[in-house]
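Input: a single structure, listed below in structure tokens.
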Ligand code: NAD
Ligand code: TDX
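Numbering (this note's numbering), first residue to last: 985 to 1342.
Structure (structure tokens):
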């Protein structure tokens, strides 16, 4: 039997994956007619422009609340006011490099924030047993680093290496503990590296695209042979929705691209695509590559075994990598005004003026 929901609380819905998820939830492609409540603090990574057009089109089916998941009473209020029956918890500090420089917000948002949401869900849902669900969004990084062989499976041991992945691992454990101890209906997914429109330009793919378009250096950490498994963001959203509808309570599902790339090979692929899409000389783009000091504790390889979600829920990746990269490159080329606003902080100032903190 499939679950159905009326009021889905999406945390971090103004970020990269969360905003793509909200477009998906309120779009034509799925069988959801309820309401989405987007709770987001609008940190440097959260941008309401990522949802432009959504509120107007969705009418009463979309509500935005500017707020902090670290604020326990606010989180409880949101559950009560909007009769929340399900949560898709994206909100997090998400950039590994930032977690190395200043880990504090990673601990407070990713760990305490998740704890507050679990407590609020437990309180709000006591006595209810139908179609309620807390879905926690996590990452493959909790499993640590792989050598040249092998894959992360759902039963791989946790071995996080950065303050970011350690904070995500802690939140995963809390989510599972609330299921085992209190019977809270939860599901959890661990996904590999996402790419696509609206990704903040600090992350590898948008950073490389923009630096190529602007003729800036392309900084490659270490020897450039670290490997990531890339998935188009919409395929992540499709997987999350399948888990929410049909996933087994208390279980986790790995989601991955089955698409491993060494960083340096990926940069060369992007050079090829940008030379076609933006009519740039590939030889000049190659000259922009600079090998820089490695990230401390840099994980060597991530690779996901996503056999479980394929077998049990019938999920498949739908966007082939070159097609996804071309779409992404075109999106950034057509949205340079967005890029300039999120990079300059202009948008943040605008938000301060236009949204009163609750
Ligand atoms: P993002 O950094 O683009 O967005 C995070 C969002 O959370 C932003 O809108 C931000 O304003 C909001 N936020 C941050 N702190 C908050 C707080 N205290 N209260 C309320 N809102 C807050 O991140 P993303 O790349 O979209 O990642 C979303 C989730 O997916 C994260 O949990 C991340 O760990 C996970 N994930 C990301 C990837 C990836 O490749 N990007 C892969 C696997 C899992
Ligand atoms: O300038 C760079 N140069 C470089 O070589 C940057 C920003 C990154 N890199 C390397 C580091 C990684 O090997 O590229 C790879 C990808 O880096 P990020 O985009 O920072 O991603 P990663 O560290 O792999 O983490 C991402 O995937 C898992 C997301 O940021 C996390 O939120 C997610 O959980």
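For every residue, glycine included, the Cβ atom is placed at its ideal position computed from N, Cα and C.
Proximity of residue i and residue j at Cβ, strictly below 8 Å
i: residue 1176; j: residue 1121; result: no
i: residue 1153; j: residue 1142; result: yes
i: residue 1317; j: residue 1261; result: yes
i: residue 1054; j: residue 1097; result: yes
i: residue 1022; j: residue 1043; result: no
i: residue 1074; j: residue 1002; result: yes
i: residue 1008; j: residue 1304; result: no
i: residue 1147; j: residue 1084; result: yes
i: residue 1313; j: residue 1258; result: yes
i: residue 1155; j: residue 1100; result: no
i: residue 1072; j: residue 1159; result: no
i: residue 1170; j: residue 1149; result: no
i: residue 1216; j: residue 1329; result: no
Ligand 1 heavy atom lying under 7 Å from the CB of residue i
i: residue 1175; result: yes
i: residue 1294; result: no
i: residue 1193; result: no
i: residue 1074; result: yes
i: residue 1077; result: yes
i: residue 1122; result: yes
i: residue 1052; result: yes
i: residue 1227; result: no
i: residue 1056; result: no
i: residue 1090; result: no
i: residue 1042; result: no
i: residue 1180; result: no
i: residue 1002; result: yes
i: residue 1171; result: no
i: residue 1027; result: yes
i: residue 1184; result: yes
Check: residue i C-beta below 7 Å from any heavy atom of ligand 2
i: residue 1205; result: yes
i: residue 1221; result: no
i: residue 1210; result: yes
i: residue 1048; result: no
i: residue 1031; result: no
i: residue 1100; result: no
i: residue 1080; result: yes
i: residue 1282; result: yes
i: residue 1188; result: yes
i: residue 1238; result: no
Residue interval of the beta strand (DSSP E) (run including residue i)
i: residue 1282; result: Careful: residue 1282 lies outside any beta strand (DSSP E) and carries neither H nor E.
i: residue 1245; result: 1244-1246
i: residue 1214; result: 1211-1216
i: residue 1145; result: Residue 1145 -> no beta strand (DSSP E), and no H or E assigned at all.
i: residue 1178; result: 1177-1179
i: residue 1203; result: 1202-1205
i: residue 1239; result: 1236-1239
i: residue 1074; result: Where residue 1074 is concerned, there is no enclosing beta strand (DSSP E), given that its DSSP letter is neither H nor E.
i: residue 1022; result: 1019-1024
i: residue 1275; result: 1273-1276
Outcome for residue i when other beta-carbon atoms lying within 10 angstroms are tallied against a minimum of 16
i: residue 1167; result: exposed
i: residue 1341; result: Reliability fails at residue 1341, whose pLDDT of 44 lies under 50, so the model's placement of it is uncertain and no value is given.
i: residue 989; result: buried
i: residue 1228; result: buried
i: residue 1274; result: exposed
i: residue 1278; result: exposed
i: residue 1024; result: buried
i: residue 1326; result: buried
i: residue 1276; result: exposed
i: residue 999; result: buried
i: residue 1114; result: exposed
i: residue 1057; result: exposed
i: residue 1196; result: buried
i: residue 1069; result: buried
i: residue 1019; result: buried
i: residue 1123; result: buried
i: residue 1004; result: buried
i: residue 1320; result: exposed
i: residue 1133; result: exposed
i: residue 1165; result: exposed
Span of the alpha helix (DSSP H) around residue i
i: residue 1090; result: Per DSSP, residue 1090 belongs to no alpha helix (DSSP H) and is neither H nor E.
i: residue 1046; result: Not the alpha helix (DSSP H): residue 1046 falls in the beta strand (DSSP E), residues 1046-1050.
i: residue 1122; result: Segment 1117-1123 is the beta strand (DSSP E) holding residue 1122; no alpha helix (DSSP H) there.
i: residue 991; result: That residue, residue 991, is in no alpha helix (DSSP H); its beta strand (DSSP E) goes 991-995.
i: residue 1313; result: 1305-1318
i: residue 1364; result: It is not possible to answer for residue 1364, since the shown part of the chain is limited to 985 through 1342.
i: residue 1293; result: 1291-1297
i: residue 1033; result: It is not in any alpha helix (DSSP H) - residue 1033 carries neither H nor E in the DSSP assignment.
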